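Number of protein chains: 2
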Amino acid sequence: MLRVPFAFHPMSRSFSSSAIANSIRAKVMLYSQYGQPDQVLRCVSHELPSSPKGKEVLLQTIACPINPSDINQIQGVYPSRPELKVQYGQSEPVAVGGNEGLFKVLAVGDQVSGLKEGDWVIPSNVNFGTWRSHVLSEESALMKMEKTISANQAATIAVNPSSAYQMLTLFEELKPGDWFIQNGGNSQVGRSAIQIGKKLGLNSISIVRNRDNLKELVDELTGLGATKVITEEENASKEFGKTIAEWTNGKPIKLALNCVGGDNCTNMVRKLGQDGTLVTYGGMSMKPVTIPTTMFIFKNITAKGFWVSANIKRIPGSRENTIKAVQKMMEDGDLVDVKMYENPVSADASEDQVYQAFQKALANSNKGKQLVVFS
Amino acid sequence: MLRVPFAFHPMSRSFSSSAIANSIRAKVMLYSQYGQPDQVLRCVSHELPSSPKGKEVLLQTIACPINPSDINQIQGVYPSRPELKVQYGQSEPVAVGGNEGLFKVLAVGDQVSGLKEGDWVIPSNVNFGTWRSHVLSEESALMKMEKTISANQAATIAVNPSSAYQMLTLFEELKPGDWFIQNGGNSQVGRSAIQIGKKLGLNSISIVRNRDNLKELVDELTGLGATKVITEEENASKEFGKTIAEWTNGKPIKLALNCVGGDNCTNMVRKLGQDGTLVTYGGMSMKPVTIPTTMFIFKNITAKGFWVSANIKRIPGSRENTIKAVQKMMEDGDLVDVKMYENPVSADASEDQVYQAFQKALANSNKGKQLVVFS
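Residue numbers (full-length UniProt numbering), protein chains in the order written: chain G, 1 to 375; chain D, 1 to 375.
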């Protein structure tokens with residue numbers, strides 16, 4: 001590689017985050033075939049003009065999360081996938097990983113009306129390819145985020161808390177005092193549902209796996225606003241139905257949120273009241289959703305699925321409305337920061353450094369919510 | 001028992017079906033505790049005035065079927081049950097068996113405006129207690145049936161064909177050329193769905209169990225209007241999906257009707273297209289409804305239940321509208337007579353004879369549609 005003096009190196013920190021240099025050396029995490037992320041992802045650089053034209057907006061990534069669906073997408077087992085196309089100087093068709101993230105505006109074209117340098121934005125839609133240091137985007141593909149919440153909150157608002165909010169508001173007309181039940185109560189969506197539910201005046205029962213430090217988890221979730229937290233074993237016990245009936249004072253549980261499947265879900269469905277709805281948004285047990293026939297015929301329950309990506313397309317405006325509502329709850333302190341693990345990297349770092357930051361985040365993604373944070 | 005001369009015996013045939021005698025000796029099949037029908041059912045007599053008053057209508061039963069739900073009700077495993085109350089001269093609370101049947105009007109009270117002697121009626125609601133020779137009913141509890149269809153058709157119109165009609169019309173807006181799939185294709189509801197579907201311009205795929213005389217059954221169902229009839233083994237085969245895609249020319253299957261459950265149902269759900277609906281109305285395999293998580297999340301299928309009894313109450317007027325539509329199809333020859341097995345008995349027969357007719361019908365109820373027919 002040709003060595004160039006520091007001042008002219010396009011990856012130099014002092015130039016890349018301003019519009020002084022003619023171009024910015026953007027790093028993108030891309031893949032040309034489906035497989036395990038540690039095997040198929042690579043980091044490449046490409047030049048971006050530092051002065052965007054027309055409706056273009058030049059962005060630098062602030063933070064982007066590793067969501068399970070991002071991994072599934074790269075594995076090729078996710079129905080929604082970005083188009084693989086020849087881009088970024090590659091000879092074969094490639095796509096960029098990641099769907100969610102927060103960006104700051106570095107510069108705008110002369111036809112951009114709603115954004116200015118320094119603004120925060122998130123992608124308006126999925127398959128944006130957020131795992132990168134910089135990107136040139138049309139203004140229309142971006143949604144402005146007010147800086148009233150933390151960067152990490154803004155970077156992760158579109159998937160987990162938005163899913164929780166939509167599931168609690170779109171399937172049943174829940175009124176204050178109504179009950180819902182969920183499994184995976186300590187998942188990111190589960191924690192959001194507890195807090196959003198509390199804000200909406202709802203009572204919740206969250207099912208979690210038994211563990212050594214169960215009391216700690218129960219206290220934590222109760223602290224977030226969970227009305228009741230129960231174990232899978234309690235959920236499985238026939239007698240426990242009576243306890244729940246005492247808690248709810250006989251009021252029917254109207255909604256159940258399922259991200260587990262299998263027996264856990266079956267036992268949860270049994271807690272639903274007449275005409276209740278089961279919403280499935282995940283299947284962590286890798287087992288199908290199994291529902292007794294009598295629940296359908298005599299209890300008239302409805303079982304539906306939820307996929308935030310599809311929902312955005314199905315209901316125009318739903319993403320914006322949801323994000324505004326969730327953001328308000330975050331501003332008001334009703335939705336506390338999720339515990340996140342930051343994997344820092346400079347926006348001017350080398351391809352290898354960016355690659356390593358993402359691989360570290362990917363490797364730890366089962367240990368907690370991972371973010372790659374650019375500085 | 002005191003012997004009375006023939007002419008004065010209230011059970012005498014010559015008097016019971018007219019209003020000359022002061023009273024009619026009605027036989028009712030009743031039970032005072034839940035259990036197997038052959039153990040808990042008994043036949044008792046009671047006197048009915050042969051001249052009804054006010055809004056009362058005196059009826060003689062023409063025919064009543066043995067439906068599986070009637071048996072489940074007597075077994076105590078059916079959520080909708082008639083109230084057990086002290087009646088018919090019994091010292092303990094009792095209920096009368098049966099929910100469906102056709103009656104003829106013997107006489108009407110002076111405030112009855114819509115019915116006259118000789119008219120046919122069916123109960124407007126469930127838990128009428130149809131297993132009896134005669135009954136005195138309020139006019140408001142009855143629905144008049146025009147004599148444009150056979151007595152057996154009229155006696156069995158409210159449950160099986162009405163269920164098929166409602167399931168094909170209330171869950172998805174199916175248009176001519178659309179496809180639905182069902183298991184239990186040779187059940188009474190299945191045969192009705194095939195014919196009603198054909199009349200509505202729908203294409204159908206019916207799943208049946210393999211058997212020695214499969215071709216005979218396939219020919220029969222195809223003769224009724226089934227577009228395709230497949231076996232459970234074909235339904236279970238992954239490759240068969242391609243065959244179905246060829247049949248439908250890639251058109252998504254919008255609706256699946258399930259009365260089986262278990263793997264049969266799971267494999268059927270896999271044939272549903274994007275946004276399709278699974279309706280469960282029975283569980284003959286005694287296994288639950290099992291649906292892959294991905295079908296909910298990525299195919300956005302909805303799983304619901306159907307229970308004709310509950311549906312009648314939920315949608316006012318639905319029973320009348322449904323019966324009129326089905327009756328029209330029967331009149332037009334679009335819905336042919338189901339094969340039924342008649343168990344004849346005289347309306348003036350002894351308690352024991354009536355009891356025997358019902359017990360014979362009950363004992364044979366797994367061999368085909370059984371009717372007790374009064375003459």
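Cβ atoms here follow ideal geometry from the backbone N, Cα and C, with glycine treated the same way. Keep in mind that this is a model prediction, so the values were computed, not measured.
Chain-ordered neighbours of residue i on chain G, where CB pairs are closer than 8 Å
i, result
"alanine 256 of chain D", "Within 8 Å Cβ-Cβ: nothing; alanine 256 of chain D doesn't reach chain G, min ~13 Å."
"glycine 261 of chain D", "Thr293"
Cα-Cα separation, residue i to residue j
i, j, result
"isoleucine 269 of chain G", "methionine 167 of chain D", "Before going further, note that residue 269 of chain G is valine rather than isoleucine in the sequence given. In a straight line, the C-alpha of valine 269 of chain G is about 23 Å away from that of methionine 167 of chain D."
"lysine 198 of chain G", "phenylalanine 298 of chain G", "30 Å"
"arginine 3 of chain G", "glutamine 327 of chain G", "Residue confidence for arginine 3 of chain G is low, a pLDDT of 38 falling below 50, so the modelled location carries little weight; the figure read from the coordinates is stated next. For arginine 3 of chain G and glutamine 327 of chain G, the distance between alpha carbons rounds to 46 Å."
"serine 18 of chain D", "leucine 371 of chain D", "For serine 18 of chain D, the predicted structure reports a pLDDT of 43, less than 50, and the residue's modelled location is therefore unreliable. A value from the coordinates is still provided. Near 24 Å, if we compare the C-alpha coordinates of leucine 371 of chain D and serine 18 of chain D."
"serine 23 of chain G", "lysine 313 of chain G", "35 Å"
"methionine 11 of chain D", "valine 345 of chain D", "Low confidence applies to methionine 11 of chain D: its pLDDT is 41, below 50, so where it sits in the model is not reliable enough to give any reading."
"aspartate 337 of chain D", "glutamine 153 of chain D", "7 Å"
"cysteine 43 of chain D", "asparagine 343 of chain D", "16 Å"
"tryptophan 307 of chain D", "glycine 282 of chain D", "9 Å"
"phenylalanine 171 of chain D", "threonine 277 of chain D", "7 Å"
"aspartate 263 of chain D", "alanine 236 of chain D", "8 Å"
"isoleucine 244 of chain D", "isoleucine 196 of chain G", "44 Å"
"serine 163 of chain G", "alanine 193 of chain G", "9 Å"
"valine 86 of chain D", "valine 94 of chain D", "6 Å"
"phenylalanine 240 of chain D", "threonine 227 of chain D", "16 Å"
"arginine 25 of chain G", "isoleucine 74 of chain G", "24 Å"
"serine 91 of chain G", "valine 40 of chain G", "16 Å"
"serine 14 of chain D", "serine 375 of chain D", "Only weak support is given to the placement of serine 14 of chain D: the predicted model assigns it a pLDDT of 42, under 50, and the value that follows is read from those uncertain coordinates. Spanning the two alpha carbons is a distance of roughly 12 Å."
"valine 373 of chain D", "threonine 248 of chain D", "43 Å"
"proline 353 of chain G", "histidine 134 of chain G", "Here the sequence assigns glutamine to residue 353 of chain G, which means proline is not the residue at that position. Spanning the two alpha carbons is a distance of roughly 15 Å."
"glutamate 220 of chain D", "leucine 174 of chain D", "25 Å"
"serine 32 of chain D", "asparagine 364 of chain D", "23 Å"
"glutamate 47 of chain G", "isoleucine 301 of chain D", "44 Å"
Contact set between residue i and chain G, taken where Cβ atoms lie within less than 7 Å
i, result
"residue 376 of chain D", "Only positions 1 to 375 of chain D appear in the structure, and residue 376 of chain D is not among them; the question remains open."
Per-residue contacts from residue i into chain D (C-beta, under 9 Å)
i, result
"alanine 303 of chain G", "Leu278, Val289, Ile291, Phe296, Ile301, Thr302, Ala303, Lys304"
"alanine 310 of chain G", "Ile297, Phe298, Asn300"
"tryptophan 307 of chain G", "Phe296, Ile297, Phe298, Asn300"
C-beta contact flag for residue i and residue j at 8 Å
i, j, result
"threonine 293 of chain G", "valine 189 of chain D", "no"
"valine 96 of chain G", "proline 79 of chain G", "no"
"arginine 191 of chain D", "leucine 224 of chain D", "yes"
"isoleucine 207 of chain G", "glutamate 232 of chain G", "yes"
"glutamate 320 of chain G", "threonine 148 of chain G", "no"
"methionine 329 of chain G", "lysine 369 of chain G", "no"
"serine 45 of chain G", "glutamate 234 of chain G", "no"
Residue burial classification, residue i (beta-carbon count within 10 angstroms, cutoff 16)
i, result
"glycine 261 of chain D", "buried"
"leucine 161 of chain G", "Position check: residue 161 of chain G holds proline in this sequence, whereas leucine was assumed. It is buried - the Cβ of proline 161 of chain G has at least 16 other Cβ atoms within 10 Å."
"glycine 35 of chain G", "exposed"
"methionine 286 of chain G", "exposed"
"aspartate 348 of chain D", "buried"
"aspartate 70 of chain D", "buried"
"leucine 214 of chain D", "exposed"
"isoleucine 315 of chain D", "exposed"
"arginine 211 of chain G", "exposed"
"lysine 242 of chain D", "exposed"
"glutamine 60 of chain G", "buried"
"serine 309 of chain D", "buried"
"glycine 89 of chain G", "exposed"
"valine 77 of chain G", "exposed"
"asparagine 311 of chain D", "buried"
"serine 137 of chain G", "buried"
"asparagine 258 of chain D", "buried"
"serine 50 of chain D", "buried"
Amino acids of chain D, ordered along the chain, whose beta-carbon sits closer than 8 Å to that of residue i
i, result
"glycine 177 of chain G", "Per Cβ cutoff of 8 Å: no residues; glycine 177 of chain G is ~24 Å from chain D at best."
Exercise for the section: Indicate whether the contact test is met: 3 or more Cβ pairs, each with one atom in the stretch 197-205 of chain D and one in the stretch 178-186 of chain D, closer than 8 Å. Expected result: Taking a cut-off of 8 Å on C-beta distances, the stretch 197-205 of chain D touches the stretch 178-186 of chain D, as three or more cross pairs fall below it.
Exercise for the section: Take every Cβ of the stretch 271-281 of chain G, pair it with every Cβ of the stretch 53-69 of chain D, and state whether three or more of those distances are shorter than 8 Å. Expected result: No: fewer than three Cβ pairs fall under 8 Å.
Exercise for the section: Name, going along the chain, the residues of the stretch 65-84 of chain G whose beta-carbon falls closer than 7 Å to a beta-carbon of chain B. Expected result: The structure shown contains no chain B; its protein chains are G and D.
Exercise for the section: Taking 8 Å as the threshold, find out whether the stretch 133-151 of chain G comes into contact with the stretch 104-122 of chain G through three or more Cβ pairs. Expected result: In short, these stretches touch, since the Cβ pair count reaches three.
Exercise for the section: Kindly confirm or deny that the stretch 61-78 of chain G and the stretch 122-132 of chain G touch, where touching means at least three C-beta pairs closer than 8 Å. Expected result: Cβ pair count under 8 Å is three or more, so yes.
Practice task
Could you say if the stretch 116-126 of chain G and the stretch 86-105 of chain G meet the contact criterion of at least three C-beta pairs nearer than 8 Å?
Solution key: Cβ pair count under 8 Å is three or more, so yes.
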